[in-house]
Every structure is written in structure tokens, then in C-alpha cells.
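**Student:** Residue numbers for the sequence shown follow the working numbering, so the first one is 384 and each next one is one higher.
Could you have a look at this structure, given as C-alpha cells, before my questions?
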Amino acid sequence: MHQGARRARGGARVRAGGGQVNDEPRWRDLDTRDGYDRWAPSYDDEGNPLLALEEPEADRALGDVTGLDVLDVGTGTGRHALRLAARGARVTAVDFSERMLAKARAKTGADRVRFENHDVTQGLPYDDASFDRVLSALVLEHVPDVAAFLRELGRVTRPGGRIVVTAMHPAMFLRGVSARFRDEATGEFLRPRSHVMQLSDYVMGALDAGLRIVSLVERSPDEALAARVPRAAKYVAWPMLLVMTLERA
């Protein structure tokens, strides 16, 4: 520890003579695509509590996908796409980070998924009413126009189909948290560009997109998750995850 500083309650440091020293790393902001390209090598290996909390909730919201056409928008390393294919879905998965897609394509079972490179904030390259289920997982904070994005998800969903959108809960922004990681190669602390959102931005975005909100679920880590994923411990009982299930109105 630097001379003249001492540890205070809660882990902050206090300089001799008063005044706290912030232990929060110095985060560097990156273009969203560049950030996820940099994150790709370590994305699946970080013990991320948000992913651990989100995956079972997304599965529940999607329901039985056997024999259905499913689109995974912002698939990243294919964590949802591969599980959906294993559950019997015909899966198309799209992302704008070629390095994330390279990780996905290298995984066991990737031959059962059609992976495509496309910037999902610029419209989707699919015909109207092409899919029975559309999933977008942890993408919304990077989307500048939520209503336009959700409208596109609705456009490619078949009548009677279902749209499931997961997002980091806006309450996490109150803790200064957004998508972020430590680059293992350089040691830098990096943040792909995000947009600070409120819950109302997501709700009104869905309504403005002409969609019906079937359910809105908020989830917080509990002690059991913290025991499995230590990084969850400081967020126990704090809202971390939002899951919206939507339908075409």
C-alpha cells in the first residue's frame, strides 16, 4: 500500500489527513464491436454472475423449442445458440463481433447452428415472420434506439411466436456497473460502449415497438449463487437481471 494511505471500512482507502482513495480500476471505454472482439478470448472463462443468473431464466422464458426456428440476436460466443440447438431447435445466430463468432464456431455442436456476422443494430437481414422464437441476450445496453431494435425483433417473429429479451438490470448502473472486463493479454480494464438506461426505457421501447409485454422478471443473486460464483457475493439481493417476454400485438 502506498505510504500515507490506510484501509477504511468497506475496503476503500483513506489518505492520512482524510479523503478516500478510490480502489475502482481505471476503466477505458471502447467502441462496442472492438470491446467484444477484445473480450472474446476470456468471455466464457470469467465466472460472470450475470451469465450464471441469466441462462436458466432465458431457458424458462423460451419454453420448449423442439422443432422450432429460433433466432439468437447478439449470440456472442454462442452460449445460448448451442444449448437451443441441443434442445432440438433450428437455430440461426447473429453477431457483429467476428472474434466472438470464431469462439462460437469452434465449440462442440457448432455445426448444428447457422452463425452469421451482422450488426444487429442496423436491422436484421431476415424476411418478415421467419422465426418462432427470437432471443436477444444482454444486448440492450449497447443499443442506441431500443424501440427500433425491438421492432425488428417483432418483425422477424411469426404470429403467435415469442420474443425473449434479457438485459443487465438498470439498477446495476447505480452501482457504476456496465459490461466490462479485464483484458488478459494487456491487463487493461475495458468497457464496450454502453448506454445508461432506466427500466422505463425498456418498457416504453417495447410498447413503442408495437409489442405486448407478456412478462417482466427481475432477478437478484442469492447466497446460493454467491457460493457457486464468488463475484456475485457483493450483489446479493441487488437487482442484476431483467427478462422481458414479448409478443407481437
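Ideal placement from N, C-alpha and C gives every residue a C-beta, glycine not left out.
Does the region 579-592 touch the region 430-447, meaning 3 or more C-beta pairs lie closer than 8 angstroms?
**Tutor:** no
**Student:** When DSSP builds the beta bridges, which residues end up paired with W410?
**Tutor:** F572
**Student:** Would you list, in sequence order, the uninterrupted beta strand (DSSP E) runs of no fewer than 3 residues that lie entirely inside the region 512-559?
**Tutor:** 514-520, 540-551
**Student:** Which same chain residues, not among the five before or five after L451, have their C-beta less than 6 angstroms away from its C-beta?
**Tutor:** Excluding the 5 residues flanking it on each side, L451 has same chain C-beta neighbours closer than 6 angstroms at A472, D515, R516, in chain order.
**Student:** Going by the DSSP bridge assignment, what does M627 pair with across the sheet?
**Tutor:** V548, L599
**Student:** Could you check if S583 is buried or exposed, using at least 16 other CB atoms within 10 Å of its CB as the buried criterion?
**Tutor:** exposed
**Student:** Give the straight-line distance between the Cα atoms of E499 and A489, rounded to the nearest whole angstrom.
**Tutor:** 14 angstroms
**Student:** Return helix, strand or coil for R563, following the three-state DSSP convention.
**Tutor:** coil
**Student:** Among the residues of its own chain, which have a CB less than 7 angstroms from the CB of H463, if the five just before and after it don't count?
**Tutor:** A441, D455, L518, A520
**Student:** State whether the region 533-548 contacts the region 473-488, with contact taken as three or more CB pairs (one from each stretch) at a distance under 8 angstroms.
**Tutor:** no
**Student:** Exposed or buried, which one is E535 when buried takes at least 16 other CB atoms within 10 Å?
**Tutor:** buried
**Student:** Determine which residues share a DSSP beta bridge with A476 and list them.
**Tutor:** D455, F498
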